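Accompanying notes for the structure given below.
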């Protein structure tokens, strides 16, 4: 699996070689809180971070919502859209998910490999309650998608060659290491280690990071021969320089 960091709310690194961004990875582990909030069934946060969240996915899935989504508004280094102020928006995933439940199920089924939940499920009651508790009801603008789509792998190669490997180590540790250095299982697939990722071309890595993911969270371009669900990173969440440097670090690993 090729997964940088662990969208419910965007296309929503899948592993450069693997199926669930991943979900998306960072310097917090999958039990982390993504920025704040306790892990409790009373407020629904147990469905955001921890065992109950991971159980939304396939058997053996190790990814929870907190792996990809912050809960404090942070986006830098996170592939998934923050849960902060997400609940009352008028659209999700660039219009491909009509409501919050559909957007959540896109992650649960597409990334985590689980079964879609329904309005009557306790899991949805808890998860919705948690998202509403950290959302401002006046924030209703649609949740969009802004992937960087270039012509082909060669175009990504030209755009992302020449990074600084030394600088890239810190960026990798922030956005990628929590999945790729720990073989985190997202859905049915374990994240690939550096030794595997380093064998891919600069262009292949960059294209995967920028466009990967099952619809409606990504495009899974036909030229992509690296299996696995990895959430894509928009340039606003992982800068051009950071991605260049991460790739240089991987290629030098």
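In the working numbering, the protein residues as written are 1 to 253.
In this text, a Cβ means the ideal position worked out from N, Cα and C, and glycines have one as well.
Bear in mind the structure is a predicted one, so any value in this text is a computation, not a measurement.
- Sixteen is the threshold: when 16 or more other Cβ atoms of the shown chains lie within 10 Å of the Cβ of residue 148, as they do, the residue is buried.
- In terms of Cβ geometry, residue 68 and residue 77 do not form a close pair [threshold 8 angstroms].
- Here the alpha carbons of residue 61 and residue 196 stand approximately 21 angstroms from one another.
- Annotation: the stretch 31-118 contains the following complete segments of the alpha helix (DSSP H) (minimum length 4 residues), in chain order: 51-54, 65-68 and 100-110.
- In the three-state scheme derived from DSSP, where H, G and I count as helix and E and B as strand, residue 167 is classed as helix.
- Counting only runs of 4+ residues, the alpha helix (DSSP H) found wholly inside the stretch 142-198 occupies 153-160, 165-175, 177-180 and 194-197, in chain order.
- Apart from the 5 residues on each side of it in sequence, residue 123 sits with its Cβ closer than 8 angstroms to the Cβ of 47, 52, 56 and 117 in its chain, given in chain order.
- Contact annotation: residue 104 and residue 142 have beta-carbon atoms that are not nearer than 8 angstroms.
- When C-beta atoms of the stretch 166-179 are compared with those of the stretch 106-121, fewer than three pairs fall below 8 angstroms, so the two segments do not count as touching.
- For residue 165, the CB contacts under 6 angstroms within the same chain, skipping 5 residues up- and downstream, are 248, 249 and 252 in chain order.
- With fewer than 16 other beta carbons inside 10 angstroms of its own, residue 138 counts as exposed.
- Between residue 171 and residue 245 a beta carbon distance of about 5 angstroms is seen, short of the 8 angstroms cut, so the two are scored as contacting.
- Looking only at 243, 189, 98 and 201, the smallest Cα-Cα distance to residue 168 is reached by 243.
- Going by C-alpha positions, residue 92 is about 15 angstroms away from residue 128.
- Three or more beta-carbon pairs drawn from the stretch 200-215 and the stretch 151-162 are found closer than 8 angstroms, and the two stretches are therefore classed as touching.
- The C-beta distance from residue 132 to residue 66 rounds to 17 angstroms, too long to fall under 8 angstroms, and the pair is not in contact.
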